[in-house]
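The block underneath contains the structure these notes are about, expressed in structure tokens.
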Amino acid sequence: IPGLTPGAEPSPDEVLRGLKKQPVKHWTEKYVASEFHREYVVERASNLPPGDATRTGFSKGNTAPLSQWTALFKRGMARKVKDRVNTVLLLAQAPVIGLLLVGVFGKQLQNPGNTDDFQPWSQMARGVSSCVFQLVVAALWFGCSNAVREIVGEWAVYHRERMVSLRLLPYVAFKFAVLGGLCLLQCAVLLGIVKWGCHLKGPFFAMYGVMVLMSLTGVALGLVLSAAARTQEIAMALLPVVQLTMVVLGGGMQPVHKLHESMQYAAYTIPSRWAFESMILLEAGSPEQKVWIPPRRPAVLPPGSTLPSAGLPTTDQDVAEYHFPAGEEGKHRGKVWHGVLALSILFTILVALIFGILRFRDVH
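When the count follows my numbering, it moves up by one through the sequence shown with no breaks and lands on 364 for the last residue.
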């Protein structure tokens, strides 16, 4: 190594800089052909009692994806159980956020929306939209925060097992199984508290399904950051930037159709925008979340005119009207399944990106 004193032992940083001069594949092949691999891997594996050679799922001869996934899943669950403090804190997020939302929106949304007085109903409709959007943001946060340190935090272990026989498919699948299970619990607790405390009228299981899909998309997004980042600090620094982008362009702060045209196109790539539309349309589908606006007479009549006998036309509006208006031939409003389909496509793209990043880092 240049600059190293002859006979001196190199520091770990110097060793790593020297190793980076050759691709991972070079060092993998060199290790497999070495005496160390024969002595510490091959011979030890052959001397283990029957059944022990595949206990970890990563012996050279065992590359079955299901076997590897099972071993990884058991190990991942064991880690969550042993890390009780962190696991309890993650699970506590849902009830804490749920109670906060009930405290903020519960009183405002306690009255039924069916009323002839449009102004109070309009204020309540804005409150429903804000509450639903916060559910979407929370579901996204659950997924991202659960996953953002998962790969980068165990990179040395992952890298070592990849050099033996670990496949990417069982590894990524195990991450989604463990983290997705955690998201299932968090979303169920959060939606249960908010739906009861804020008097939401939408179908529970349909809204829960959208929240889970949003949370799994958050897991995929967190794993992308975790796979791409070189350190946990970098991954955590990127998370707020991504999260705030999802909030700003998600349609809850400002309706998407009122954004600048370039921002409207950008919003189509934002998962929170599609989850919000599906969630608010599910909530708006309830008859209790519609209002009948009665005929209204003009406050000031032009000189010489007479009062129309029929007044102004009656209309029906729902809680999604402000953010996704159904007027103008409904061009600003889609269907619930449109948002679910868009979320599924974005989720698939993010999963493919995880595989691509991990494969790229395997050879560089």
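Glycine included, C-beta positions come from ideal geometry on N, C-alpha and C.
All of these numbers come straight from a predicted model, not from anything done at the bench.
Exercise. What alpha helix (DSSP H) runs, 4 residues minimum, are completely inside the stretch 231-272?
Worked result: 232-248, 261-267, all fully within the stretch 231-272.
Problem set entry | THR217 vs LEU135 beta-carbon contact at 8 Å | Position 217 of the sequence shown, counting from 1, holds the residue named residue 217. Position 135 of the sequence shown, counting from 1, holds the residue named residue 135. The answer is no: Cβ separation not under 8 Å.
For this session: Answer with buried or exposed for TRP141, where buried requires no fewer than 16 other C-beta atoms within 10 angstroms of its C-beta.
Result: By one-based count along the sequence shown, residue 141 stands at place 141. It is buried - the Cβ of TRP141 has at least 16 other Cβ atoms within 10 Å.
For this session: Look up ASP362 in the DSSP assignment and give the residues it is bridged to.
Result: The residue given as residue 362 occupies position 362 in the sequence shown. Bridge partners of ASP362: none, in fact.
For this session: For the alpha helix (DSSP H) holding HIS26, just list the boundary residues, first then last.
Result: As a first step, residue 26 is located in the sequence shown; it is residue number 26 there, counting from the start. From DSSP, the alpha helix (DSSP H) with HIS26 extends over 24-32.
Problem set entry | Burial state of ILE151 (16 or more Cβ within 10 Å) | Start at 1 with the first residue of the sequence shown, and residue 151 comes out as number 151. Under this definition ILE151 is a buried residue.
Exercise. Counting Cβ pairs closer than 8 Å, one from the stretch 86-104 and one from the stretch 182-199, do we hit at least three?
Worked result: In this structure the stretch 86-104 lies against the stretch 182-199, because at least three pairs of beta carbons, one per stretch, are closer than 8 Å.
Exercise. With VAL319 and ILE280 assumed to form a contact (beta carbons below 8 Å), what rounded beta-carbon distance in angstroms separates them?
Worked result: Translated into the one-based positions of the sequence shown, residue 319 becomes position 319. Translated into the one-based positions of the sequence shown, residue 280 becomes position 280. In this structure, VAL319 and ILE280 form a Cβ contact; the two beta carbons are roughly 7 Å apart against a cut-off of 8 Å.
Problem set entry | First through last residue of the alpha helix (DSSP H) which encompasses SER165 | Indexing the sequence shown from 1 puts residue 165 at position 165. Unbroken run through SER165: none, as it is neither H nor E.
Problem set entry | 7 Å Cβ shell around TYR268 - same chain, five flanking residues per side excluded | In the sequence shown, residue 268 corresponds to position 268, counting from 1. Closer than 7 Å at the Cβ level, and outside the excluded window around TYR268, lies no residue.
Problem set entry | Whole-Å CB distance - ALA363 paired with VAL24, under 8 Å assumed | As a position in the sequence shown, residue 363 is number 363, starting the count at 1. As a position in the sequence shown, residue 24 is number 24, starting the count at 1. For the record, residue 363 in the displayed sequence is Val; it is not Ala. Taking a contact as a CB-CB distance under 8 Å, the pair VAL363 and VAL24 counts as one, their CB atoms being some 6 Å apart.
Problem set entry | Rounded C-alpha distance that separates GLY51 from ALA45 | Residue 51 sits at position 51 when you count from the first residue of the sequence shown. Residue 45 sits at position 45 when you count from the first residue of the sequence shown. Confidence is the limiting factor: at GLY51 the pLDDT is only 48, short of 50, which leaves the residue's position unreliable, though a coordinate-based value still follows. Here the alpha carbons of ALA45 and GLY51 stand approximately 10 Å from one another.
For this session: Answer yes or no: do VAL210 and LEU184 have a C-beta to C-beta separation smaller than 8 Å?
Result: Working through the sequence shown from its first residue, we reach residue 210 at position 210. Working through the sequence shown from its first residue, we reach residue 184 at position 184. Going by C-beta atoms, VAL210 is not nearer than 8 Å to LEU184.
For this session: Output yes or no for whether 8 Å exceeds the beta carbon distance between HIS332 and HIS257.
Result: One-based indexing of the sequence shown puts residue 332 at position 332. One-based indexing of the sequence shown puts residue 257 at position 257. The answer is yes: Cβ separation under 8 Å.
Exercise. With DSSP run on the structure shown, which of helix, strand or coil describes CYS198?
Worked result: Locating residue 198 in the sequence shown gives position 198, counting from the first residue. The answer is coil: DSSP assigns CYS198 none of H, G, I, E or B.
Exercise. Mind checking if PHE133 is an interface residue toward chain B, Cβ cutoff 8 Å exclusive?
Worked result: Although the question refers to chain B, the structure presented lacks it and comprises just one protein chain.
Problem set entry | Exposure label - SER226; buried when at least 16 CB within 10 Å | Here the question's residue 226 lines up with position 226 in the sequence shown. Burial check for SER226: the Cβ neighbour count within 10 Å reaches 16 or more, so the residue is buried.
Exercise. If you compare alpha carbons, which of THR245, VAL42, LEU182 is closest to VAL88?
Worked result: For the purposes of this step, residue 88 is identified with residue 88 of the sequence shown, where counting begins at 1. In this structure, LEU182 is the residue among THR245, VAL42, LEU182 with its C-alpha nearest to the C-alpha of VAL88.
Exercise. By a C-beta neighbour count over all protein chains shown, 10 Å radius and 16 as the cutoff for buried, is TRP274 buried or exposed?
Worked result: The residue you call residue 274 lines up with position 274 of the sequence shown. Flag for TRP274 reads buried.
Exercise. Starting from ILE97 and walking both ways along the alpha helix (DSSP H), at which residues does that stretch end?
Worked result: As a working note, residue 97 is residue 97 in the sequence shown. Element bounds for ILE97: 84-105.
Exercise. Taking just the CA atoms, how far does SER145 sit from VAL32?
Worked result: Residue numbering aside, residue 32 sits at position 32 when the sequence shown is read from its first letter. Residue numbering aside, residue 145 sits at position 145 when the sequence shown is read from its first letter. When rounded, the distance between both Cα atoms is 37 Å.
Exercise. In whole angstroms, what is the alpha-carbon distance linking GLU329 and ALA147?
Worked result: The count along the sequence shown starts at 1 and reaches residue 329 at position 329. The count along the sequence shown starts at 1 and reaches residue 147 at position 147. At GLU329, the pLDDT of 49 sits below 50, so the modelled position is not reliable and the matter cannot be decided from this model.
For this session: Use the C-beta contact count for THR315: other C-beta atoms within 10 angstroms, 16 or more gives buried, fewer gives exposed.
Result: Within the sequence shown, the letter at position 315 stands for residue 315. At THR315, the pLDDT of 48 sits below 50, so the modelled position is not reliable and the matter cannot be decided from this model.
Exercise. Hey, how far is the Cα of LEU101 from the Cα of LEU223?
Worked result: Counting from one through the sequence shown, the residue named residue 101 turns up at place 101. Counting from one through the sequence shown, the residue named residue 223 turns up at place 223. The alpha-carbon atoms of LEU101 and LEU223 are separated by roughly 28 Å.
Exercise. Three-state secondary structure (DSSP) at GLN123?
Worked result: Position 123 of the sequence shown, counting from 1, holds the residue named residue 123. Helix.
For this session: Determine the closest residue to THR70 out of ASP83, GLN264, PHE174, with distance taken between C-alpha atoms.
Result: As a working mapping, residue 70 is identified with position 70 in the sequence shown. Between THR70 and the set ASP83, GLN264, PHE174, the nearest pair of CA atoms involves PHE174.
For this session: Work out the CA separation of SER278 and VAL340 for me, nearest whole Å.
Result: In the sequence shown, the residue the question calls residue 340 occupies position 340. In the sequence shown, the residue the question calls residue 278 occupies position 278. So the alpha carbons of these two residues sit roughly 7 Å apart.
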